[in-house]
Structure formats: structure tokens, C-alpha cells
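The opening position of the sequence shown corresponds to residue 1 in UniProt numbering, with each subsequent residue numbered one higher. Where is the CB? At the ideal position from N, CA and C, for every residue including glycine. Here is the structure we will look at, set down as C-alpha cells.
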Amino acid sequence: MNKVAIWYRHFGVPEQTLELETAPVESLTPGLMRIRMQLSPVNASDLIPVTGAYGHRIIPPLVAGYEGVGEVITAPETWSHLVGKRVLPLRGQGTWQSLVDCPPEYAIPVPDWICSDLAARAFINPAAALMMLRLYSPEGKRVLLTAAGSDCSLLLGQWALRFGAVSVTGIHRSAAHATRLAACGITSVSQEDAGAIERSASESDLVFDATGGKLATSILQHLPETSTFVCYGLLSGIPFRQHHSRPFVRWFHIRNYLNSMDIRQWHALFSEIWPLLNTSSYSGAVRYPVASWKEAIGFYRESGRSGKPLLIMN
1 MNKVAIWYRH
11 FGVPEQTLEL
21 ETAPVESLTP
31 GLMRIRMQLS
41 PVNASDLIPV
51 TGAYGHRIIP
61 PLVAGYEGVG
71 EVITAPETWS
81 HLVGKRVLPL
91 RGQGTWQSLV
101 DCPPEYAIPV
111 PDWICSDLAA
121 RAFINPAAAL
131 MMLRLYSPEG
141 KRVLLTAAGS
151 DCSLLLGQWA
161 LRFGAVSVTG
171 IHRSAAHATR
181 LAACGITSVS
191 QEDAGAIERS
201 ASESDLVFDA
211 TGGKLATSIL
221 QHLPETSTFV
231 CYGLLSGIPF
241 RQHHSRPFVR
251 WFHIRNYLNS
261 MDIRQWHALF
271 SEIWPLLNTS
281 SYSGAVRYPV
291 ASWKEAIGFY
301 RESGRSGKPL
311 LIMN
């Protein structure tokens, strides 16, 4: 029996570095659970490590991918009730492969009322959005988002309103996102409208930024001193500059918080995510066979896309 996996054996541009490989299935390490993967999404968090941006803490060769959904085919006796059930095999091996072995205590069972297209994307963006809103409460505040067309930002905006935000404004690159943002109760502002961005920043109490660069620098220059600016990404690839000690700048890296979670807290996180995610607007899924992984990445990079590419692993 063979399995397929998308590997990177050195750092580089993902489209040029990743390789789809076929190899015999290894014996299952005692104590681990084996999952036959169904769907794995393409996220920025999957592609950035391939470039070497995190070369100080990860070393190839590695299988790409950090989330996805699959069916349990083998499990230790304590978890045998999950055989045949869908789970998220997280915090183990890379998920861009047809079989994943993971520690069973970290596998997240998927409720029957969650479809697989949604379950496959229930970790990176939903967990980051929820954890940030718990750390930096939006209640009674005017919230400003960058990269507002992204899945994480879209959830941040919707959930900030549910958690008591006075208003949410989203800065987007493509006009294609404006209608979807409005449907979620989020006021949209074009990234090209410098005046509107400055006005929005001057009226904001809490910023969640995923872009960095000139946009973040401009927002910081116009924010009230009492505001909080949370940086959780650097999609522009350019650092921002803060010219004054205020407003407060905070950094959010999901891995720093996951490492401090015990098993109970880990599962409780998803108990909160499932009902929120199931009642929120989220990008539609666009499926690609695993052999078409380059096309999936190409679609992911398209400006203004409204769908999320999912790799069909079986």
C-alpha cells in the first residue's frame, strides 16, 4: 500500500519547491492514531514556512499543511470509539498527505452537523480569530481590520460584532470583497483610499492587522493614543514602523498560546468554535485533486477570490 504526500526538502518558492511524492506506508508508531485524510486547505500559514521564513525553528524535509479533516482508520484502544469517525488530526504530521498519524489526545472529533468542507478549515483561522478576541475584547469598541477579505479577518469582524463591538470597519484590496463584508455588517474601505483609511484609523479603538508595511504604518500614525494595535500577520512581507510609544502594539502568534494549552483547554477551544463557525459567513470551498496542488496554490494567490482551495487527499 502506498500513500501520497506533498513534501518540501529545502526552502524556496512553494510552487517551485514542493513535490508530490508517493511512498510505501510506514508502520504505525504505537500510541498514535492513523487518519485517512479527506480534505486539506491551502492557507498562508501552509505556504510561508516553505519559503524559509521560520527556518530558525523548523528544518526540512517536511510534509506541508497544518490542518484538514479525515477519517480515523486505526486508533489505540482508549480512542477506538473514533474509528470510522471524522477528526481534525492536528499538532502532528503535515496534513498535505493521504495518511496522517497524530497523537490521539490532540485529534478533534467533528460534530455530525459540520460539513467536511467547513471542518477542514476549522483550526488556523477560527482558532486565531477567537483567541485574539478573547485576549483583546472588542466589547464597546470600534474595531478596524486589515486584509478584510481574508478568512481570518472575516471571522474577526463577525465575531467582534457578536461579542459587543460598536462597529467594525474592514480595509480590503479588491472591490469584490465589499458586498460580502457589508452582508456581515462590516463597513468596507478600499486599501487605495488613503483618506478613508486615515479617518477610520482616527476613530478606532482596536486594530487587528495582518498586512504590516505602509498600511500598518499609516494606521499607527492616525490611531488615538489609547487604542490597541494587534499585529497577527505580515502579508505584505514588509515590517511596519511605529514612530511613537503609543498606541499600544501587541503581537499575536497562535503557536505561542497553543504551547501553553493543556488537553482540556485544547478541546474546549473547539467546543466554542463549532457553533460559532457553523453560523458565520465563510468563504466557499473550491476543491482540487491533490495532483493539481499547483493550480490550488495559484487560485489561493488570486486577488479578490471568494473561495478557499481545498486539496482532495484521497
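Closest in C-alpha terms to Leu-88, from the list Glu-19, Phe-270, Phe-229, Glu-203, comes Phe-270.
Secondary structure note for Ile-263: its alpha helix (DSSP H) is the uninterrupted segment 263-278. Residue state for Asn-2 is assigned as strand, using DSSP reduced to three classes. Look at Leu-206 here: in three-state DSSP terms it is strand.
Secondary structure of Met-37 (DSSP, three-state): strand. Take Leu-135, set aside five residues on each side of it, and no residue of its chain has a beta-carbon closer than 6 Å to its own. Straight-line spacing of the CA atoms in Thr-29 and Gly-94 works out to 16 Å. Per the coordinates, the alpha-carbon of Gln-265 lies some 37 Å from the alpha-carbon of Met-1. Of all alpha-carbon atoms in Arg-57, Met-37, Val-63, Ile-254, the one lying nearest the alpha-carbon of Thr-74 is that of Met-37. Pro-24 is bridged by DSSP to Asn-2. About 31 Å separates the beta carbons of Leu-82 and Ile-297, which is beyond the 8 Å limit, so they are not a contact pair. Listed in chain order, the non-local C-beta contacts of Leu-144 below 6 Å within the same chain comprise Thr-169, Ser-200, Ser-204, Val-207, local neighbours out to five positions each way being set aside.
Taking Leu-223 as the centre and dropping the five residues before and after it, the same chain places the C-beta of Ala-201, Ser-202, Ser-204, Val-207, Phe-229, Pro-247 closer than 8 Å to its C-beta, in chain order. Sequence-distant Cβ neighbours of Cys-152 in its own chain, meaning closer than 6 Å and more than five residues away, are Asn-125, Ala-128, Ala-129. With the rule of 3 Cβ pairs closer than 8 Å, the region 183-200 does not count as touching the region 104-122. DSSP places His-172 inside the beta strand (DSSP E), whose first and last residues are 167-172. Burial is judged here by how many other beta carbons sit within 10 angstroms of a residue's own beta carbon; His-172 has at least 16 and is buried. Contact between the region 304-313 and the region 15-31 is not established, with fewer than three Cβ pairs separated by less than 8 Å. In the DSSP assignment, Trp-251 falls within the beta strand (DSSP E) that extends over 248-251. Assigned with DSSP and collapsed to three states, Pro-103 falls in coil, not helix or strand. Exposure of Asp-262 is indicated by the presence of fewer than 16 other C-beta atoms within 10 angstroms of its C-beta.
Per DSSP, Phe-299 is one residue of the alpha helix (DSSP H) stretching across 293-300. For Ile-48, there is no enclosing alpha helix (DSSP H), since its DSSP letter is neither H nor E.
Around the C-beta of Cys-102, 16 or more other C-beta atoms lie within 10 Å, and the residue is accordingly described as buried. Rounded to whole angstroms, the separation of the alpha carbons of Gln-242 and Leu-215 is 12 Å. In the DSSP assignment, Leu-311 falls within the beta strand (DSSP E) that extends over 307-312. For Ala-175, the closest of Gly-149, Ala-291, Gly-185 by C-alpha to C-alpha distance is Gly-149. Bridge partners of Thr-95 according to DSSP: none are assigned.
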